[in-house]
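Okay, so here's the structure we're looking at.
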Amino acid sequence: MSGFEDAYIGLGANVGAARATLEHAVAALRALPGVSVNGVSGLFRTRPVGPVGQEDFLNAVAGLRVPGGADPGGTPPSRR
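Just so we're on the same page, our numbering is the position in the sequence shown counted from 1, plus 1021.
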């Protein structure tokens, strides 16, 4: 493993209970081994692009601290 890196993940939902979906997504990120969630932005509402008739999206960004290097817990791609 080569230290830790900062990573940022965009989150978005517009189906069903969008706010709850985003809360569950952040909880799942917090549960990842070796990963710490450094912060989560506030929620932003945006209009969908594409087919009409969709609900607005709720969006956020999560800042993470993750192990550096290739997938430290995974199988090398050449062996999958």
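The beta-carbon is built from N, C-alpha and C at its ideal position, and this holds for glycine as well.
> Does the Cβ-Cβ distance between G1024 and P1072 come in under 9 Å?
Replying inline: no
> Since R1086 contacts D1077 with CB under 8 Å, what's their CB separation in whole angstroms?
Replying inline: Wrong, their Cβ atoms sit about 31 Å apart, outside the cutoff.
> Should V1061 go down as buried or exposed, given a rule of 16 or more other Cβ atoms within 10 Å for buried?
Replying inline: buried
> Which residues bound the beta strand (DSSP E) around E1076?
Replying inline: Here E1076 belongs to no beta strand (DSSP E), and DSSP marks it neither H nor E.
>> For a test of the three-state rule: what should DSSP assign to D1034, helix, strand or coil?
In response: Sequence inspection shows Ala at residue 1034; the Asp mentioned does not correspond to that position. Three-state DSSP puts A1034 in a strand.
> Sorted by chain position, which residues of the same chain lie with C-beta nearer than 8 Å to Y1029's C-beta, five sequence neighbours on each side aside?
Replying inline: V1082, A1083, G1084, L1085
> Going by C-alpha distance, which of G1074, P1069, G1090 is nearest N1080?
Replying inline: P1069
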